[in-house]
Every structure is written in C-alpha cells, then in structure tokens.
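Those protein sequences? They're chains A and B, same order as listed.
Residue numbers for the first sequence follow the working numbering, so the first one is 1 and each next one is one higher.
Residue numbers for the second sequence follow the working numbering, so the first one is 274 and each next one is one higher.
Heads up, the beta-carbon is just placed ideally off N, CA and C, and yes, glycines get one too.
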Amino acid sequence: MPAHNLPTNSGAKPTLAVFKFSSCDGCQLQLLNLEDELLTLVGAVEIAYFLEARRRVLPPPYDIGLVEGSISTPEEERRIRQVRRDCRYLVSIGACATSGGIQALRNWADVDEFIRCVYPSPEYIKSLETATPIAAHVFVDFELRGCPVNAEQLVELLSALLLGRKPNIPTHSVCIECKRRGYPCVLVTKGEPCLGPITQAGCGALCPRCERACYGCFGPMEQPNIRSLANQLKNEQGRTNREVKLALRQFNGYMEPFKQAGDYYERLEQKET
Amino acid sequence: MSDTTAPLIHKQSFLPKDAMNALVRRLVDEGYTVIGPQVHDGAIMMRPLTTADELAKGVCDEQDGGRYRLTDGDSEMYFDNVVGPDSPKRYFFPPQQKLFTLTIKGERFQVDDTTPKPPKYAFIGIRACELAAIKIQDRVFGIDVDQQTFRCESDQYYRRARQNALFIVVNCTRPAGTCFCVSMETGPEAIDSFDLSLTELREGFIVRTGTEKGVALLGQLPAREATSAELELASMKLRRARDQMGRRLDTRGLKEALDKSMEHPRWDEVADRCLSCANCTMVCPTCFCSTVSDTNDLATGQVTRTRFWESCFTHQFSYTTTGPVRSTIRGRYRHWLCHKLATWWDQFDTSGCVGCGRCITWCPVGIDLTEEATAIREQQTEASDRSGRGFVDEWAE
Ligand code: SF4
Ligand code: SF4
Ligand code: SF4
Ligand code: SF4
C-alpha cells in the first residue's frame, strides 16, 4: 500500500517543490532543521525543486509547492503565476508569504525614498510599491503561519496532504497552548503587553515560555477582540496608542484585522498630536 | 483494623512546623509523586517536589481581576497564599495525552492503548475549593458510581489517578481578592474527602485526620495533643477567613434567573470585553472539555490519537458543516457562564463553579463572573429579546 493517497501527476512518488520569494529563508530552514522527519519525508516524496537544499532540479509539474516570501518585485509578480500553474497544491508558508511580512511595513511608507537612501545607484532597483502575501496574487490551497513556521506544524501539514486528510492546524489563541503547557501568564503576573490572546496558536507559546510577551508572529487568531486587549494595555498597563499601533504592526501588520486595527490606533495617535 | 482507627478519624492534633520535612520524605519513601505549591516564574504552581524546601514558604499572593503578584510574607508560613493557575486537574486529566495508536496489519488495524499508568499522587496544600472541584469532576468523568446524573462514560486514566491519590488539604486562613468559596459553600475549611487537613499556625499545624490512610500517615509523624488554646486560635483564623472573601455571589434563584436571560443586554457588554482567549476555561478546576487529534507517521503509516484540553471559546468547539454554532463571542461567553452556574445543575446536579476565583484572576482583561452574574440577576426586568448582533466592524469609525 502506498504511503500516500495524493493523486500524483506521474503515478510515482508525489513531487515536492519549495520556492523562495522576498524572505529571509528562515521558513525553508525549518524544513531542513527537521532532521529525522526530513529523512522520512525524502522517502515519501520526490524533492523536485528546493534550491536551498539541492542543486538538482526536476521539471514541473509538481504535486505540492511550498512558497516562502512575499511578492515585492515585478519579476516576482510574474513568477508566482507560473509557480501556481506548475503546482497542484500550493501552500504559502510563513509570515512573509501569508501577510507580506516585515517588509510590508513599507506599505505605509514611501518606497522610492527608502531606495534613494539605501542604494548608491537607485536606478537598478526594480521594486513594487508594496510587499503583499501570495494569496493577493494567486489562489493558495493552505496558509501556514509563523515567523518562522513551526516545524511540527509543517510536518503535520505535509503528512495530512499526503494522506488526503484535513491538517490539524488550530486557529485559536496562543493562550490555550500557553495554559496547556503550564506557563504562568506574563500579562497577569508581570503586566507584560502579551498579544497571545489575539494571536493564533502554533508556536507552542514560545515567548511566554521564556517569560516574555508574545508579539504576534503567528498573526491574528480566529475573530480576535483586538480593541479589548488594546484597552487593557492602555488602561491597566499605561501604554499609548502609538505603542499599541507598533505592537500590531510587526511581522503580520499587513494582515487583516491587525492591519485595520493598526491603522485605527494610528488615527488615534495622530488625533492626540 | 477499622475498629481501632475509626475513633481516630476526624481527631485533631498538633504537628510542629519542622514535621513538614518528615511528611514529604515519608510520602516520597512510600512511592508517592508529591505535588505541592511552588514558586515558578512569579506564580504559585502545583508541581512535583521531593523535599519540603521546595514549597512556596514565606510567599503571599495578591489577586484581582487580570492581576496576580507575589509578595514576601511571613517566613515561617508554608501556606500563606492560595490557589495559582494550576489545580489537580492537570494531573488527573492531563492537558495533552496520547490515547492509542493504530497500525495497519494486513487487512486490519491493530489498536494499542498508549495511555500511561498514572503515578501514585500525593497532593500537599490543595484547598477546600479544589476538593470540591475534584468531587464535581468525579461526576463528570463517571467515577462516582452511586449517582444517577453522570452522562459520560468513565474515564479510566482519571479513575486510576484519582483513586490512588492522597490529599493533604490546607484550610485557607488568608483568602485572595478573587476568592468566593463561602458563597459557593465549598470552603475555606475542608469538611470531608481529605486524608489529612492542616490549619497553619505560626508554630505548627492543627491536623485533622480524614481517612485511615491519613491516620496511618500521621502515626509516623511527631504529632502531639493540641492544646485548647491552639484549637481556639485555628478556629478563629478560619472564622476570620470567612469574612475576608474578596468576592461574593448570591446564588439564591440564580439558576432560574440565568435560564430566562438568554437575551439580556449584559451579554453584549461582556462580549465587547471578552477576548475569547479561553484562559478562564483552562484554569477552571471543573472545566472538562477535550478534543482529539490524529497524526500519522509518514514512514510507518502508524496513526496516533492524542487528547488535548479544549474550550467552548474556540470556533472548532462548536464547528459543524456550516461553521461554528456559537459564532459570536457573546454566544460563547453566555454559554460558558450559564453552563458553570445554571445548566451544570441540569447535567450533573451540582454547580459547575466552586468559587476559586481563578477565572477572574487569569482573565487577561479581568472579566469577573460574580459581577456578570450579579448584574444579570439584578436587572431582570430590562432583559429584552434582542437577537445576536453578529460581527460589527468598529475599526472604520
Ligand atoms: S502569557 Fe500571553 S499567551 Fe500566555 S496566557 Fe498570558 S496572555 Fe495568553
Ligand atoms: S509567542 Fe507569539 S511572538 Fe512568540 S513565537 Fe509564538 S506567536 Fe511568535
Ligand atoms: S468558574 Fe471560575 S471561580 Fe468558578 S470554579 Fe471555575 S475558575 Fe473557579
Ligand atoms: S472571560 Fe476572560 S479569560 Fe475567558 S475567554 Fe473571555 S477574556 Fe478570555
């Protein structure tokens, strides 16, 4: 019996391709860091395209495509369409691919001004006005959150895909993971500005485990009540509208509803001055 | 055996402070995994220990809605604090537990039970409200065979862990700002269901035996007759504790009031504040919901089923083909509060709340169920028949 139920293009082992767009490679590294599971994975799929790991490239089509990074250049805009055509299942992985990532902070600024400041010969730089998630350009079959993605979730996603079952990727708060693991709450015991109550689980409450506040790198959870948490940070912890805005505008600042909420606190901040 | 020990049950005596070391050592020697209150990262957690030095001695806690701080206390006092986020629930009903594996063997599945054998637990320093919570979970998990109301089938792990456990309960002499056990009639003094109960004085403990196991254990320790002054002091401290409850809840007619308040406007107000983060359900010692998830091993094809603590505050909890049945935070908070204080009675013939105050302290925005329930009960006439207003986009204003 085959180890997978995925209908393949070739009838042989399903093929896996990993693509990089504007990103830091951290999510691909999570795949390489898997070690034990990676060997199993290599047994279960044909790694057809993964430039970070091997030079050999097999031609498309691919059964599963993982995409890391945001779309921030005209060339990437074209390339993602081809990648979509080449892949049966397309999964965007990580904050950049699912929200635009940290580079999407430029969406609130003047990109040309950045380019003039940073590069000695700005005329060579071909950059889009905005950095945007993959799903803003092509249809994606699944989005895996995190900066970087969590290795266990990556394995779960691939195992589910290969078997043809629904992946177990919860959309509830980080708090649930935090409490299951028995970490004392940093918001309640220390007055830290923890975003865990509005952030999607998946990391295993990594930051509270190190006695630090969650800064939301897995993006908004299902139906987050951002205003209530913000009121708590402002009224009980004495934080400003600007601090709330900056807390929301980080790795997933361009993902709804963090985006609208960040803009809202920016308007409140501007009204004050 | 019971002929000679029976008169000794519920007998009070005096145990000097330094006997705490011997007590812990004794339990360890008898093969118990001893669980007691310890300081971890700024909170009192119920964790395994092997010596009395690890107990949270000389530490007080300050608790209020969404706020918890530890302060220095009387260095002679072992238990001058109350419950933290943990409770024995973590040990009887673990937050994450592998249940079984399935392996394909030819044309069939082979099922292997992977539930571990629970250790023999001895809890030191649990409180009266926690014993009450355990009695409620006994009904939920179906180990209380005499009662008629339980609906779930008996949970084997819970039953084994629970039946082998030893309870050394501490009567509360310094309740926290979020405690209301007096209103729920669960504390501050434990009346039954313990092996030993301790009331702490500065020089030692007034110890009461509750079972033969407790009598045998106390027999190994340097206890002596308690003087009448010591007994009087202990009961004074407990009387004073009753008057120092941080919160109160009038439960008379509360179930009936809640049952007919489904459209009360207060639900909208609390829904504006509730994060649906589920902290309240995770820390509640009676909340029992779980979910299972299956993972498959790519190499062997083996499937593992794992059980996790789940909460009625998640979408997945009530998810059907058309989406979550309780799609609003209003609906989820209402469901939770009504379950704790009203529908639990229909289901298990008991309250689902023991007044421990955890859900108040550990709610990141300090939502207080005593306040919510009181508001709903007191504004009965204004209850209007409003339909759920669903999602309102307020950011664009
Ligand atoms: S530390 Fe943060 S993530 Fe953990 S329970 Fe508290 S608010 Fe939630
Ligand atoms: S706790 Fe928050 S910021 Fe930290 S890793 Fe998890 S999601 Fe990211
Ligand atoms: S509902 Fe709150 S006060 Fe009542 S038992 Fe649960 S955590 Fe304690
Ligand atoms: S009542 Fe508090 S702890 Fe419970 S879900 Fe709402 S915000 Fe979270």
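Counting other Cβ atoms within 10 Å of its Cβ, residue 116 of chain A stays below 16 and is therefore classed as exposed.
Among the residues facing chain A, residue 341 of chain B is included, as its CB has a counterpart in that chain under 8 Å away. A straight line joining the alpha-carbon of residue 93 of chain A with that of residue 381 of chain B spans about 36 Å. CA-to-CA, the gap between residue 100 of chain A and residue 358 of chain B works out to about 37 Å. For residue 150 of chain A and residue 248 of chain A, the gap between their C-alpha atoms comes out near 21 Å.
When CB distances to chain A are screened at a threshold of 8 Å, the residues of the region 353–376 of chain B falling below it are 357, 358, 359, 363, 368, 369, in chain order. Residue 629 of chain B has its Cβ nearer than 7 Å to a heavy atom of ligand 3. Under the 8 Å criterion on CB atoms, residue 184 of chain A is classed as interfacial with respect to chain B. Against residue 225 of chain A, the close residues of chain B are 547, 548, 549, 602, in the order they occur along the chain (beta-carbon pairs closer than 7 Å).
Relative to the non-hydrogen atoms of ligand 4, the Cβ of residue 496 of chain B never comes closer than 7 Å to any of them.
The closest heavy atom of ligand 1 lies 7 Å or more from the beta carbon of residue 216 of chain A. The alpha-carbon separation between residue 326 of chain B and residue 294 of chain B amounts to approximately 8 Å. Not one heavy atom of ligand 1 falls within 7 Å of the beta-carbon of residue 225 of chain A. Cβ contact annotation for residue 47 of chain A (same chain, cutoff 6 Å, sequence separation greater than five): 16, in chain order.
Spanning the alpha carbons of residue 645 of chain B and residue 594 of chain B requires a straight line of approximately 32 Å.
Excluding sequence positions up to five before and after residue 30 of chain A, its CB lies within less than 7 Å of the CB of 148, 149, 151, 154, all in the same chain and listed in chain order. Interface with chain B (8 Å Cβ-Cβ cutoff): residue 188 of chain A is included. If you look at residue 65 of chain A, you'll find it in the beta strand (DSSP E) that goes 62–68. The Cβ atoms of residue 320 of chain B and residue 308 of chain B lie closer than 8 Å to each other. It is roughly 31 Å from the alpha-carbon of residue 605 of chain B to the alpha-carbon of residue 373 of chain B. By DSSP's assignment, residue 17 of chain A forms a beta bridge with A:49, A:65. Within the region 305–336 of chain B, contact with chain A at the beta-carbon level (separation under 7 Å) is assigned to 313, 314, 315, 316, 318. Annotated three-state conformation of residue 87 of chain A is strand, per DSSP.
Bridge pairing for residue 373 of chain B: B:386, B:578 [DSSP].
Between residue 208 of chain A and residue 196 of chain A, the beta carbon gap of about 6 Å places them in contact (Cβ cut-off 8 Å). Taking 7 Å as the cut-off, the C-beta of residue 454 of chain B does not count as close to any heavy atom of ligand 4. Using a 10 angstroms sphere on the CB of residue 377 of chain B, the tally of other CB atoms stays under 16, which defines it as exposed. Taking a cut-off of 8 Å for Cβ pairs, the region 214–223 of chain A and the region 397–404 of chain B do not touch, as fewer than three such pairs fall below it.
Going by C-alpha positions, residue 222 of chain A is about 48 Å away from residue 349 of chain B. Between the region 232–241 of chain A and the region 565–577 of chain B, the count of Cβ pairs shorter than 8 Å is below three; the stretches do not touch. According to DSSP, residue 285 of chain B shares a beta bridge with B:481. Residue 478 of chain B is not a Cβ neighbour of residue 442 of chain B, given a cutoff of 8 Å.
Of all residues in the region 220–248 of chain A, those with a C-beta nearer than 9 Å to a C-beta of chain B are 221, 222, 223, 224, 225, 226, 227, 228, 229, 231, 232, 236, reading in chain order. Proximity of chain B to residue 162 of chain A at the Cβ level (cut-off 7 Å) is accounted for by 571, in chain order. Runs of the alpha helix (DSSP H) spanning 4 or more residues and lying entirely within the region 165–245 of chain A occur at 174–180, 186–190, 206–209, 226–235, in chain order. Not one heavy atom of ligand 4 falls within 7 Å of the beta-carbon of residue 235 of chain A.
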